[in-house]
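A.B. asks: First, the structure itself, so that you have it in front of you.
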Amino acid sequence: MNTFDTVVVGAGIAGITAANLLRGAGQRVALASLRQIYGEDVPDPVDYWITRWGGDPYSMGSYSYVAVGASHEDHDAMATPAGGTVHLAGEATWSTDPATVNGALLSGHRAAERILGEPIDLAQLQAVDS
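Those letters in the sequence shown? Residues 1 to 130, per UniProt numbering, in order.
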């Protein structure tokens, strides 16, 4: 397993939970989830950033789509690690299920496996109680 000094976590949520996070609970909820999965040794973050995707004037909460002249392979190309160290995930990087929560989940799983350099049992992750 690889060891890293910096870990970046991205997550997407919706509805009432999203509204609560916009009011400032995001960092607390994310840290509680990480500690539930990985144990109490997960350190406090040195910094955090919560995007306001739904209010972004360039996306306005939109999902990806295949533009004219593009192909579904372009989604996978975006997921290719840059320099072997920058890993992108999200529904826009999953060619067989873009613009879906499932595509976002599976792309995050793929990125995590690439970063860790070992397989992760997706069924086991989905079984974690929240």
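All C-beta atoms in this analysis are idealised placements derived from N, C-alpha and C, irrespective of residue type, glycine included.
Leaving out the 5 sequence neighbours to the left and right, which residues in its chain are closer than 7 Å to Asp122 when beta-carbon positions are compared?
C.D. replies: Per the sequence presented here, residue 122 reads as Leu, with Asp not at that position. Closer than 7 Å at Cβ, skipping near neighbours: His109.
A.B. asks: Examine the Cβ distances between the segment 26–43 and the segment 53–73 and report whether three or more of them are shorter than 8 Å.
C.D. replies: Touching, no, given that fewer than three Cβ pairs across the two stretches are closer than 8 Å.
A.B. asks: If we require 4 or more residues per run, which alpha helix (DSSP H) segments fall completely within the UniProt domain "Amine oxidase" (31–116)?
C.D. replies: Correct list: 73–78, 101–116.
A.B. asks: By the three-class DSSP mapping on this structure, what secondary structure does Leu125 have?
C.D. replies: Correct three-state label for Leu125: helix.
A.B. asks: Nearest to Ser95 by CA position, among His87, Ala30, Met78, is which residue?
C.D. replies: If we check each option's Cα against that of Ser95, Met78 comes out closest.
A.B. asks: How would you label Glu118, buried or exposed, when you count the other beta carbons within 10 angstroms and need 16 or more for buried?
C.D. replies: The residue is exposed, with fewer than 16 neighbouring Cβ atoms inside 10 Å.
A.B. asks: Compare the C-alpha of Ser59 against each of Ala111, Pro43, Ala30, Ala92 and name the closest.
C.D. replies: For the residues Ala111, Pro43, Ala30, Ala92, the minimum Cα distance to Ser59 belongs to Ala92.
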